[in-house]
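Note sheet for the following structure.
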Amino acid sequence: MPALPHGRRPQPWSYAALLALLMLGQATSAIPSPLYFLYAEKWDYPPFLTTVIFAAYGAVAVVAILVSGPLSDRYGRRPVLLVAVLLLLAGLAVFVFAAGPGHLVVARMLNGLGIGAIVVVGGAALLDVSPERAARSGTLTAIAFNVGIAAAALGTAGLAQTGFHPLLLPYLADAFIALVLFVLLLVMREPHPSVGAAPLGIPRPNVPKEIRGRFVFAVIGAGAAWAVLGVCFSLEPSIAAHAAHVDGPFFGGVVIAAVALSAACTQVISARHPARTVALVGDSALAVLMLAGVAGFATGNAGVIIVTVALQGGAYGLAFGGSLRHLTAHIPAARRGAVMSLFYLLAYGALITPTLLVGIGATVWSDTVIFPVFSVLAALLCVSAVVVEHVLGRRGGQPAVTPASTAEAPRMSEVD
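Structure follows, in structure tokens:
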């Protein structure tokens, strides 16, 4: 990649600003989660509609993930990120003036487009700004994601618990931060050195034969983790509050924060351990903890429930982080866009589909009936990832991989 002339290099604060933008994106995605029950009470709609509102975000985020990367390669990171922040602000404005659940769907779709673009293009911009910190950027990005989620969930739930304009102030605070970052993006120098050189096109999802075994293992493990995450961010806060007989939304915010912070901790701790081992441990632990969670919720003890979801969050962090690293360390450079497009398409499918099914079940029956069923199915999905990897191992070890360069070999030995 050609280097930028000294006078055009990004300012020293650009790296921190981009990390803050990544944190803001995930915070924006988490703000409505503790408030869904307030909206449901206000407009009297069933649990299924809550999951539809949540799923709308994931559906359009896939579109943004597919198109924003090529657009930023062609036209630059700054223009795409500026549009992404405007989409965030538009979604927040719809939330503030929402007059019914249909407006919530529109708001989540606008936010999903913006957040999907921020995840892809913000991550690429970090590498442009500081390519020598590529490995560290991955860890810092994971921390930023989870800290943003935890802070938004706790702050929003705290306001909702006090009853002090909970459907207004969280969105205004988020919009203020977004405006500050928008101004910083306006004055930031374009970090991408090859603007206009890349052909414009969307990568066709495809997996090379030599990494298909890794891909199947990674998708099953990551899919199980995202299925758990989708239910956690949509219905689990209210399910946990009902189980613990706790009134008010703050407890639901604590549930979300416990999951996010635990995931961040385990991803940081496991970053230097072999990815395959981390993924297998995460999948196995998540299977056990999903089943244990049924018993934990059945106790009705708030402390036990928080510990249970925190442990599940830690296992989620291992399962998803390890699965992703296990795959990405061996994708041929020329096929990264195609492979990751398919990976995220399937991962978001795993996020959306179980969430909708749980919402239907909670509407037809009740959350106390459907949650144990979901927990068992999620555990089986995690176990299937472990079985797939062991079967692949018995068939002849790890699938053949594209040879790494001498410079890449030490890094790959750490992550796989």
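full-length UniProt numbering applies: residue 1 is where the sequence shown begins, and numbers increase by one. Think of the CB as a built atom: it goes at the ideal place given N, C-alpha and C, for glycine as much as any other residue.
Same chain, Cβ closer than 6 angstroms to residue i, neighbours up to 5 away in sequence not counted
i              : result
leucine 311    : Leu289
leucine 71     : Val80
alanine 125    : Leu18, Arg77, Pro191
proline 46     : Thr363
glycine 122    : Leu18, Leu21, Leu22
alanine 55     : Ile352, Thr355, Leu356
tryptophan 226 : Ala347, Ala350, Leu351
glycine 253    : Pro34, Ala153, Leu154, Ala157
Nonlocal neighbours in the same chain, by C-beta distance under 8 angstroms from residue i, ignoring five residues either side
i             : result
leucine 159   : His165, Pro166, Leu169, Pro170
glutamine 261 : Contrary to the premise, residue 261 reads as leucine rather than glutamine in this sequence. So the list reads Asn146, Val147, Ala150, Ala310, Gly313, once near-sequence residues are dropped.
alanine 298   : Ala243
serine 130    : Tyr15, Ser137
cysteine 265  : Gly314, Gly317
glycine 293   : Thr308, Val309, Gln312, Ser375
glycine 361   : Val369, Ile370, Val373, Phe374
Rounded C-alpha distance that separates residue i from residue j
i                 : j                 : result
threonine 363     : threonine 308     : 25 angstroms
serine 366        : valine 63         : 33 angstroms
leucine 356       : phenylalanine 48  : 7 angstroms
proline 191       : valine 376        : 46 angstroms
alanine 218       : leucine 380       : 15 angstroms
proline 193       : aspartate 128     : 8 angstroms
serine 238        : tyrosine 39       : 12 angstroms
alanine 175       : isoleucine 305    : 33 angstroms
tryptophan 43     : phenylalanine 250 : 20 angstroms
valine 228        : leucine 351       : 8 angstroms
phenylalanine 182 : valine 391        : 49 angstroms
leucine 110       : valine 231        : 21 angstroms
valine 268        : valine 94         : 36 angstroms
leucine 113       : glutamine 11      : 27 angstroms
leucine 86        : glycine 163       : 29 angstroms
threonine 328     : alanine 378       : 24 angstroms
valine 180        : histidine 330     : 38 angstroms
alanine 240       : valine 52         : 20 angstroms
valine 67         : asparagine 206    : 16 angstroms
glycine 119       : alanine 173       : Position check: residue 119 holds valine in this sequence, whereas glycine was assumed. Between valine 119 and alanine 173, the C-alpha separation is close to 21 angstroms.
7 angstroms Cβ shell around residue i - same chain, five flanking residues per side excluded
i              : result
valine 246     : Ala302
isoleucine 220 : Leu381, Ser384, Ala385, Val388
alanine 98     : Leu104, Ala107
leucine 140    : Leu19
valine 278     : Ser270, Leu318, Gly321, Gly322
threonine 50   : Tyr36, Ala40, Ser234, Leu235, Gly359
isoleucine 177 : Leu24
valine 281     : Leu318
glycine 296    : Val304, Ile305, Thr308
N- and C-terminal bounds of the alpha helix (DSSP H) containing residue i
i              : result
methionine 109 : 101-117
proline 170    : 169-187
serine 29      : 14-30
glutamine 267  : 250-270
leucine 280    : 275-298
aspartate 128  : 123-129
- Message: Please give the ranges of any alpha helix (DSSP H) in the region 44-95, keeping only runs that are unbroken, at least 4 residues long and fully inside the region.
- Response: Runs of the alpha helix (DSSP H) inside the region 44-95: 47-75.
- Item | Continuous alpha helix (DSSP H) assignments of at least 4 residues falling wholly in the region 203-236 | Counting only runs of 4 or more, we get 212-234.
- Please list the segments of the alpha helix (DSSP H) lying wholly inside the region 307-383, counting only runs of 4 or more residues, in order along the chain. Assignment of alpha helix (DSSP H) within the region 307-383, counting only whole runs of 4 or more residues, yields 336-364 in chain order.
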